[in-house]
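Here the sequence shown is numbered in numbering that gives the first Met the number 0, starting from 0 and rising by one per residue. Quick reminder that beta carbons are idealized off the backbone N, C-alpha and C, glycines included. Right, one structure below, let's go through it.
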Amino acid sequence: MDKKEIINIVLSRLSLVIPIPETELIYHNPYELLISVILSAQCTDKRVNAVTPLFFESFPDVESLGASTFEEVFPYIKSISYPNSKTKHLIATAQILVEKHQGRIPRDYDALLKLPGVGRKTANVMNSVLYREPRMAVDTHVFRVSNRIGIAKGKTPLEIEKQLTASIPENRIPDAHHYLILHGRYTCVARNPKCGECPLTYICEFYLT
Numbered sequence: 000m001d002k003k004e005i006i007n008i009v010l011s012r013l014s015l016v017i018p019i020p021e022t023e024l025i026y027h028n029p030y031e032l033l034i035s036v037i038l039s040a041q042c043t044d045k046r047v048n049a050v051t052p053l054f055f056e057s058f059p060d061v062e063s064l065g066a067s068t069f070e071e072v073f074p075y076i077k078s079i080s081y082p083n084s085k086t087k088h089l090i091a092t093a094q095i096l097v098e099k100h101q102g103r104i105p106r107d108y109d110a111l112l113k114l115p116g117v118g119r120k121t122a123n124v125m126n127s128v129l130y131r132e133p134r135m136a137v138d139t140h141v142f143r144v145s146n147r148i149g150i151a152k153g154k155t156p157l158e159i160e161k162q163l164t165a166s167i168p169e170n171r172i173p174d175a176h177h178y179l180i181l182h183g184r185y186t187c188v189a190r191n192p193k194c195g196e197c198p199l200t201y202i203c204e205f206y207l208t
């Protein structure tokens with residue numbers, strides 16, 4: 000089988016155990032998704048979801064966040080990883096959105112990348128989740144699962160992103176992103192992967208070797 004055939008099997012099998020491929024971040028609009036994704040860098044979605052309700056209650060839009068101070072924002076996210084830098088990024092991002100984008104979250108990929116705290120992964124998540132664009136966000140789970148199974152091999156997230164994007168049909172990329180994340184989060188975990196519960200062992204390079 001070639002790589003595209005293997006990927007098709009992977010996605011088909013994972014669709015049986017992950018019937019709803021969607022983000023576990025809780026959000027109600029593009030602003031809330033952007034903030035949540037920025038906060039989720041090197042942090043769990045569970046932890047992010049625990050702090051965002053109070054955060055959004057105090058800063059319900061970009062205008063209120065952009066007008067806030069470090070001292071006002073920091074207490075809400077102090078339990079998140081890298082709270083100092085993320086506090087600065089959130090405020091600066093909100094100010095840019097107010098000044099240059101009329102308070103709206105831009106869909107343009109390059110415009111997203113110019114926001115503080117927004118890298119390729121965050122921009123890819125935004126456009127994939129909100130607009131189902133064929134962009135593959137590679138986090139630690141997607142990186143690990145892809146390398147283990149053998150559907151993409153690389154030493155950097157960008158290498159994995161390019162290979163997956165080239166091998167997966169465009170209309171399946173948004174769902175594939177979530178299949179791989181959720182499989183890595185709950186089954187193909189970093190330590191002691193649950194191979195006994197995995198539907199992919201018969202084609203997984205890691206398991207077979």
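Note on geometry: alpha-carbon atoms of P20 and G65 lie some 33 Å from one another.
The straight-line gap separating the alpha-carbon atoms of P18 and Y26 is approximately 20 Å. Secondary structure of C194 (DSSP, three-state): helix. Distance between D138 and K87, taken at the CA atoms: about 22 Å.
Pairing D107 with N123, the inter-Cα distance amounts to about 11 Å. Counting of Cβ neighbours within 10 angstroms places C203 among the buried residues, the total reaching 16 or more. For T139, the secondary structure class from DSSP, reduced to helix, strand or coil, is helix. Just so you know, the alpha carbons of I8 and G118 end up roughly 30 Å apart. Of the residues S145, L33, F73 and G195, the one whose Cα lies closest to the Cα of L111 is L33. In the structure shown, A189 falls within a coil segment according to DSSP collapsed to helix, strand and coil.
Three or more beta-carbon pairs separated by less than 8 Å link the stretch 163-183 to the stretch 137-152, which places the two stretches in contact. Taking C-alpha positions only, K120 is separated from T208 by approximately 30 Å. Taking 7 Å as the cut-off, the Cβ atoms of E62 and V36 do not count as close. One thing to note: R12 has its Cβ within 7 Å of the Cβ of L199. Per DSSP, reduced to three states, the secondary structure at L179 is helical.
For V36, the enclosing alpha helix (DSSP H) begins and ends at P29 to L38. According to the DSSP assignment, L13 belongs to the alpha helix (DSSP H) that extends over K2 to V16. In this chain, the alpha helix (DSSP H) harbouring N48 covers D44 to S57.
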